[in-house]
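Notes to accompany the following structure.
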């Protein structure tokens, strides 16, 4: 990385004209080539191999530039299957006509797909090329599997989301057990669910802040912005579901079962739509090769 910033290493003669990003994070930059021409770099586009833009805003009339890469298919597919499991498990038509253990295992299987997708997203982030033109790959195979980049906002988004999926693994697996006491249910089901929902909300806000300039919605017409916005809405819905799932101290029953199911379903649908757009982003938002 270039000294004093999180913009990847520049070729000889290139300079950083300006940078942008929330707080102290750098998520975008205007770069000047030796011939005086300028391009726009962004952290999301860089790690996804979408290239540099000759202008800040994508052309709304753009068409397919290249085939979606394999990573976008894998991440999108795994997130999509997990989302379908969560959406299915929250439908009355399903849980009213299927045995309770089957419903519980549906959520647990879905959480495993979420974790698999979240790890691939984390791996995509830590293995982003060190050179601005993707000419310098991340050094060492271990650093492409596990990395630590605290100065990058996209790293925190991927890392926190991965942690959130692990909490969902715990809560959904605990829900498959029928022998838990009320106290155990609070500690093994509700508490991890709440922590996972908070982690998803934080991670989604980080990812949204990476592509949105400012607090208010400000689309750059990219599919990356739409994906991040959908995931943020989905995380808010999951948070509402966790609030509805809190236990009433007097009865030990769920506080608002309707909110639990609605929040889970809406969140899952938003994640499903975002997952479906990942391969589209890889094909449409890719900058043409010079």
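Residue numbers (the numbering used here): 1418 to 1707. Where is the CB? At the ideal position from N, CA and C, for every residue including glycine.
6 Å CB neighbourhood of residue i in its chain, flanking five on each side removed
| i | result |
| --- | --- |
| residue 1570 | 1442, 1444, 1623 and 1627 |
| residue 1629 | 1635 |
| residue 1578 | 1535 and 1620 |
| residue 1658 | 1677, 1680 and 1681 |
| residue 1652 | 1617, 1618 and 1621 |
| residue 1614 | 1655, 1656 and 1659 |
| residue 1528 | 1585, 1586 and 1589 |
Simplified DSSP state of residue i, which is helix, strand or coil
| i | result |
| --- | --- |
| residue 1566 | coil |
| residue 1550 | coil |
| residue 1573 | helix |
| residue 1458 | strand |
| residue 1535 | helix |
| residue 1437 | strand |
| residue 1693 | helix |
| residue 1579 | helix |
| residue 1593 | coil |
| residue 1682 | helix |
| residue 1598 | coil |
| residue 1467 | coil |
| residue 1671 | strand |
| residue 1542 | helix |
Same chain, Cβ closer than 8 Å to residue i, neighbours up to 5 away in sequence not counted
| i | result |
| --- | --- |
| residue 1430 | 1450 and 1451 |
Alpha-carbon spacing of residue i relative to residue j, whole angstroms
| i | j | result |
| --- | --- | --- |
| residue 1647 | residue 1687 | 5 Å |
| residue 1520 | residue 1531 | 17 Å |
| residue 1661 | residue 1606 | 13 Å |
| residue 1671 | residue 1663 | 6 Å |
| residue 1507 | residue 1461 | 32 Å |
| residue 1467 | residue 1598 | 51 Å |
| residue 1588 | residue 1596 | 15 Å |
| residue 1538 | residue 1568 | 17 Å |
| residue 1590 | residue 1432 | 51 Å |
| residue 1424 | residue 1457 | 11 Å |
| residue 1471 | residue 1511 | 49 Å |
| residue 1447 | residue 1701 | 22 Å |
| residue 1566 | residue 1436 | 18 Å |
| residue 1418 | residue 1426 | Its pLDDT being 45, under 50, residue 1418 is placed unreliably by the model, and the measurement read from it follows with that caveat. Going from the Cα of residue 1418 to the Cα of residue 1426 covers about 5 Å. |
| residue 1501 | residue 1455 | 43 Å |
Where the alpha helix (DSSP H) through residue i begins and ends
| i | result |
| --- | --- |
| residue 1493 | 1487-1506 |
| residue 1649 | 1640-1661 |
| residue 1512 | 1509-1512 |
Unbroken beta strand (DSSP E) run spanning residue i, endpoints
| i | result |
| --- | --- |
| residue 1604 | Where residue 1604 is concerned, there is no enclosing beta strand (DSSP E), given that its DSSP letter is neither H nor E. |
| residue 1446 | 1445-1449 |
Same chain only: Cβ atoms within 7 Å of residue i, ignoring 5 sequence neighbours per side
| i | result |
| --- | --- |
| residue 1464 | 1541, 1542, 1545 and 1571 |
| residue 1693 | 1493 and 1497 |
| residue 1490 | 1696 |
| residue 1625 | 1645, 1646 and 1649 |
| residue 1505 | 1511 and 1523 |
Chain B within 7 Å of residue i, Cβ atoms only
| i | result |
| --- | --- |
| residue 1527 | As a matter of chain content, chain B is missing from the structure shown, which is built from one protein chain. |
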